[in-house]
Amino acid sequence: MTTVQLPKRTKSIGLWLGGLIAIGLAGSTLIYLQQRQRTADILSSQQTIQVERQDLASQILAGGVVQAERSTTLSPEGSGKIAELFIQEGDSVTQGQVIARMVSRRSQAEVAQAQATVAQAQADLRQRQFGVRSEEITQARARVNAAQAAVDVTQAALNKAQNERVRFQQLADRGAISLNELETYTTTEAQAEANLKAEAQRLEESKAALAALTNGTRPEEIIQGEAALAQAEAGLESAQIDLDDTIVRAPFAGVITRRFAETGDFVTPTTAASSDDGATSTSIAELSSGLEVDAKVPEASIAKLKVGQSVEIVSTAYPAETFKGEITLIAPRATREEQVTFFQVKVKILSGQDLLRSGMTVRLTFIGEPVEDALVIPLAALVTQSDGERGVYLAEGEATPTFQSVEVGTISGAQVEILEGVEAGDRILIEPPPGQVIEGVDTTGGF
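Quick note: the sequence shown uses this note's numbering, first residue 746, plus one each step.
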């Protein structure tokens, strides 16, 4: 057998190529082992959890503020000074209890004037009943003239009131004044109309009285005198009502939560007080009754709430206490704040009224019907991508964890229901693997 001798140069090239192949194989093996080690390190350094099926308690969390169920400001029927004030902040009052008395000299004078009118009507009726004299006819004519003058003055007052009401109606339509201010001028116009009717009636009665005196007393004239007396007595009753209105009473039982005025202060018939404790108010006091919680619930959760649903209430002032409540109102109209849609929900406080105070912030847990046999994962494992897609990271054996999109259902506390995307028994990471954190996005939960 003949042995072929290769040139020394050819042997060197072969050895060099063999070495390169061996190094390449060793490098690939090393990269594979390093990749497996990195995956193992990820799975060992990251806590994983198995997706399971279980009954999920339906709970919706929200924040709220404790406030009075019923609250109003106490004011007089008309502007004036306080003569006497009988309440302090924190006082409990009953319905109809006297809160304050206003200066009432004008009202007292009107009552006295009305009493005099009644006396005059009584005298006129007696004259009709016992006949008339010539001087009585002269007096009757004078009364007709006076009544006509009163009608003219009252008509002028009505014209002025109508003009003012029209002007302030235009201001109210533009939002320059409140409806409460406009109501004052509307009331003034209505009062002027009533006064004109009364004066016109008085004029007609004066004319009828004069005619009766001129023609002699007849049975129907006595009837007219009786009617005049009844009208005078009605005027006296009206004046007495105005005098009674100078007494401010509590419209319902409750607690005086704030007092705005002192004896001698000038107050007006306002219907709302400033929410700023340091602000000046022209009301006398604020009266409140009962407590409730005013909460804002996101639109996504509102369909899971209903009136009468149980609520757990926790206050930061009493963290160890859990108070009970129930939903009494879900607003029919949504509001938007910072691009988020909310619905106002009112919760009646069933326990803890002696501890909770108006203005306290509380945490609410709305208790709903449980979801049976739900596919559940921790809320902390839910990841929201920068494009809004929600999902989890699957830990599949030794492979690198992969992002899996999911469809989310009910959220209850720290748990969330998964409707689609993973199966029971899958293992997922509690948080994204290193290098997968999305800057600027909350990866501890998509809500």
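Note that CB positions come from ideal geometry on N, CA and C, so glycine has one too.
Here the structure is a predicted model, which means the values were calculated and not measured.
- About 31 Å separates the beta carbons of Arg1108 and Gln795, which is beyond the 8 Å limit, so they are not a contact pair.
- Ranking Phe997, Ala1030, Leu988 and Pro1014 by CA distance to the CA of Thr1008 puts Ala1030 first.
- Under DSSP, Gly808 forms a beta bridge with Arg1108.
- Measuring C-alpha to C-alpha distances from Asp1118 to each of Ile1163, Val1151, Val1059 and Ala1159 identifies Ile1163 as the nearest.
- The DSSP-derived three-state label of Thr933 is helix.
- For Arg910, there is no enclosing beta strand (DSSP E); the residue is found in the alpha helix (DSSP H) stretching over Ser879 to Asp918.
- The DSSP assignment places 999-1004, 1030-1043 and 1055-1060 as complete runs of the beta strand (DSSP E) inside the region 996-1063, in order along the chain (cut-off: 3 residues).
- When the alpha-carbon of Glu934 is set against those of Glu944, Gln900, Ala973 and Lys952, the nearest one is in Gln900.
- For the 8 Å CB-CB criterion, Ala995 and Gln812 do not form a contact.
- The residues Ile882, in chain order, have a CB closer than 7 Å to that of Thr959 in the same chain once the five nearest residues on each side in sequence are set aside.
- Counting only residues of its own chain and dropping the five nearest sequence neighbours on each side, Glu822 has a CB closer than 7 Å to the CB of Asp990 and Pro1014.
- Spanning the alpha carbons of Leu1139 and Val1167 requires a straight line of approximately 9 Å.
- If you draw a straight line from the Cα of Pro964 to the Cα of Glu950, it is about 15 Å long.
- DSSP places Gly841 outside both helix and strand once states are collapsed to three, so it counts as coil.
- DSSP places Gly1136 within a strand segment (E or B) once states are collapsed to three.
- With fewer than 16 other CB atoms across the displayed protein chains lying within 10 angstroms of its CB, Pro1064 is exposed.
- By a beta-carbon distance limit of 8 Å, Ile1175 contacts Gln792. Their separation comes to about 5 Å.
- Arg873 is not a Cβ neighbour of Ile992, given a cutoff of 8 Å.
- Cα atoms of Glu814 and Gly999: separation of roughly 11 Å, rounded to the nearest angstrom.
- By the Cβ rule, the region 845-861 counts as touching the region 826-835, because three or more pairs are nearer than 8 Å.
- Burial state of Val889 is buried, judged by a 10 Å Cβ sphere holding 16 or more other Cβ atoms.
- Rounded to the nearest whole angstrom, the C-alpha separation of Ala891 and Thr818 is 43 Å.
- The way I'd put it, the region 1064-1084 does touch the region 1049-1056; three or more beta-carbon pairs between them come closer than 8 Å.
- DSSP places Gly825 inside the beta strand (DSSP E), whose first and last residues are Gly825 to Leu830.
- Judged by DSSP secondary structure, Asp800 falls within the beta strand (DSSP E) whose first and last residues are Glu797 to Leu801.
- Annotated three-state conformation of Pro964 is helix, per DSSP.
- When secondary structure is reduced to three states using DSSP, Ile794 falls in the strand class.
- The alpha carbon of Ala939 has as its nearest neighbour, out of Gln840, Lys1041 and Asn904, the alpha carbon of Asn904.
- Under the three-state reduction of DSSP, Val848 is assigned to coil, being neither helix nor strand.
- In this structure, Glu1057 sits near Ile1112, with a CB-CB distance shorter than 8 Å.
- In the three-state DSSP reduction, Glu926 falls in the helix class (H, G or I).
- The Cβ-Cβ distance between Ala977 and Val863 falls below 8 Å.
- Here Gln976 carries a helix assignment [DSSP, helix/strand/coil].
- As DSSP reads the structure, Val1090 sits in a beta bridge with Ala1040 and Ile1075.
- A distance below 6 Å between beta-carbons, with the five flanking residues on each side excluded, links Tyr930 to the following residues of its chain, in chain order: Glu909, Arg910 and Phe913.
- Secondary structure note for Val1151: it is in no beta strand (DSSP E), with a DSSP letter that is neither H nor E.
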